[in-house]
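Numbers in the numbering used here are just positions in the sequence shown, counted from 1, shifted up by 4.
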Amino acid sequence: GLAREERAGLFDRVRDRIEEQLGTLTTPAPSPAVVRDGPGGPRSKQQVYRAGKIDVIVSLEPAAGEPGLWDLAGLVHVGGEVPDTIGGSRVELYRGEGLVGITTVSRRGQFAFPQVEPGSLDLALVWEGREVRLEGVIVE
Numbered sequence: 005g006l007a008r009e010e011r012a013g014l015f016d017r018v019r020d021r022i023e024e025q026l027g028t029l030t031t032p033a034p035s036p037a038v039v040r041d042g043p044g045g046p047r048s049k050q051q052v053y054r055a056g057k058i059d060v061i062v063s064l065e066p067a068a069g070e071p072g073l074w075d076l077a078g079l080v081h082v083g084g085e086v087p088d089t090i091g092g093s094r095v096e097l098y099r100g101e102g103l104v105g106i107t108t109v110s111r112r113g114q115f116a117f118p119q120v121e122p123g124s125l126d127l128a129l130v131w132e133g134r135e136v137r138l139e140g141v142i143v144e
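Here it is, written out as structure tokens:
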């Protein structure tokens, strides 16, 4: 394996490259995918939103005991992996210009917003001093 110093240098280079990518992000191209459970089962949906090398996989499940509301769960990947520095990053949920909720990302790249009303929402990931906006997250 790599010596500790080599690994640290590699992480620094990867982080620098990620920061370069983040600095040049443009409007993401959402690529929604719908996943359905078996016949008669609750519908769960998964959508993947991409901005540069950042993928946010959004899963929607009907909120337990709250008809018409959805639990939104997310997973953040950068270049196919969960970066070491993602833990504690902020995720903001917007409906239009209105802030609906704020949460933080776990060390494993996960975040959640319970009991979300249907509609078109935007997610903003605030990570290492930059904001990545994912527009048009559909909750229905």
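Don't be surprised by glycine CBs; every beta carbon is placed ideally from N, CA and C.
First and last residue of the beta strand (DSSP E) that includes V95? R94 to R99
Neighbourhood of V143 by C-beta distance below 7 Å, restricted to the same chain and skipping five residues each side: L64, W74, L76, V120, P122, G123 and L125
E135: first and last residue of the uninterrupted beta strand (DSSP E) it sits in: R134 to V143
Nearest residue (CA-CA) to E85, options V130, G105, I61 and V104: I61
Leaving out five residues on either side along the sequence, give the residues of the same chain with a beta carbon under 6 Å from the beta carbon of G105. L97 and F117
DSSP state of G27 mapped onto helix, strand, coil: Because the pLDDT at G27 is just 45, under 50, the model does not fix this residue reliably, and the point stays unresolved.
Does the beta-carbon distance from V80 to G133 come in below 8 Å? no
Which same chain residues end up closer than 6 Å to E139 when comparing Cβ atoms and leaving out the 5 residues on each side of it in sequence? D126
What does the alpha-carbon distance come out to for the pair D59 and G100? 22 Å
For P66, which option in S93, K49 and D88 has the closest C-alpha, if you only look at C-alpha atoms? K49
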